[in-house]
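Working notes for the structure below.
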Amino acid sequence: MRDPAPKSESPDTAYEIIFDGGAIGNPGKGYGSFVIRNADGMVKRQRVEFGDWVTNNQAEYRTLIEALLWLQTFAGECARSVAITIYGDSVLVINQIEGNWKVRNSKLMPLFSEATALLAQFGEVRLKWQPRAASVRVLGH
Numbered sequence: 218m219r220d221p222a223p224k225s226e227s228p229d230t231a232y233e234i235i236f237d238g239g240a241i242g243n244p245g246k247g248y249g250s251f252v253i254r255n256a257d258g259m260v261k262r263q264r265v266e267f268g269d270w271v272t273n274n275q276a277e278y279r280t281l282i283e284a285l286l287w288l289q290t291f292a293g294e295c296a297r298s299v300a301i302t303i304y305g306d307s308v309l310v311i312n313q314i315e316g317n318w319k320v321r322n323s324k325l326m327p328l329f330s331e332a333t334a335l336l337a338q339f340g341e342v343r344l345k346w347q348p349r350a351a352s353v354r355v356l357g358h
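Just so we're aligned: the sequence shown equals residues 218 to 358 in the working numbering.
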């Protein structure tokens, strides 16, 4: 499901991640997509599928996790020097990761833990909510 990140290129120090996940039915067939870009342009664009009985919030978290895993592999040992600005239209995911809201859903707790552990591998991290229309403009869904 995840493409291996190229290891021969050295990463820049600043990246943007734009992510969005959803489910056809809720729960239903989960999907997501993300774009990772730096000052030179797009580094990675990927669509992911998560199977059946996935909620929209699970798909949002899982899409963010996929993006972070890819960037972590791409950055390699330089990950601590990478600054990331993350844009998403999920008010829930952004606020939970920023610590503004508690994670109350037991199915989201492990996803929250995985996402925050991955974020801790990078240098500076900023999360920004954006309207759905902005995500659609970049990701196409």
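Every residue, glycine too, gets a C-beta built ideally from N, C-alpha and C.
Is A350 close to the ligand COA? I mean its beta-carbon at under 7 Å from any heavy atom of the ligand.
Looking at this structure, you won't find the ligand COA or any other ligand, since it has none at all.
Q. For I253, which beta-bridge partners are listed by DSSP?
A. Stepping through the sequence shown from its first residue, residue 253 is reached at position 36. In DSSP, I253 forms a bridge with I234 and K261.
(message) Looking at the secondary structure, which residues open and close the alpha helix (DSSP H) in which L288 lies?
(response) Locating residue 288 in the sequence shown gives position 71, counting from the first residue. Segment N273 to A292, the alpha helix (DSSP H) holding L288.
- Where P223 sits in the DSSP three-state scheme: Position 6 of the sequence shown holds residue 223. Model confidence at P223 stands at a pLDDT of 44, short of 50, so the residue's coordinates are unreliable; what they give is reported in the following sentence. P223 falls in the coil class under three-state DSSP.
### C-beta atoms of I301 and V355 nearer than 8 Å
Within the sequence shown, numbered from 1, the residue matching residue 301 stands at position 84. Within the sequence shown, numbered from 1, the residue matching residue 355 stands at position 138. The answer is no: Cβ separation not under 8 Å.
Original post:
For E331, does the three-state DSSP call read helix, strand or coil?
Top reply: Numbered from its first residue, the sequence shown carries residue 331 at position 114. Note: E331 maps to helix in three-state DSSP.
Going by the beta-carbon positions, is the gap between E315 and I282 smaller than 8 Å?
By one-based count along the sequence shown, residue 315 stands at place 98. By one-based count along the sequence shown, residue 282 stands at place 65. The Cβ atoms of E315 and I282 do not sit closer than 8 Å to each other.
The alpha helix (DSSP H) spanning S356 covers which residue range? Taking the first residue of the sequence shown as 1, we reach residue 356 at position 139. It is worth fixing the name first, because residue 356 is Leu in this sequence and not Ser. Looking at the DSSP string, the run of the alpha helix (DSSP H) that includes L356 is R349 to L356.
Proximity winner among V308, Q313, S307 and N322, relative to T388 (alpha-carbon distances) = A question about residue 388 goes unanswered here, because the residues of the chain that appear run from 218 up to 358.
Does the structure place the region 317 to 330 close enough to the region 244 to 256 that three or more beta carbon pairs sit under 8 Å? no
> With burial defined as no fewer than 16 other Cβ atoms inside 10 Å of the residue's Cβ, what is the status of V308: buried or exposed?
Replying inline: The count along the sequence shown starts at 1 and reaches residue 308 at position 91. By the 10 Å Cβ count, V308 comes out exposed.
First through last residue of the alpha helix (DSSP H) which encompasses V308: Within the sequence shown, residue 308 is the residue found at index 91, counting from 1. That run of the alpha helix (DSSP H) goes V308 to I314.
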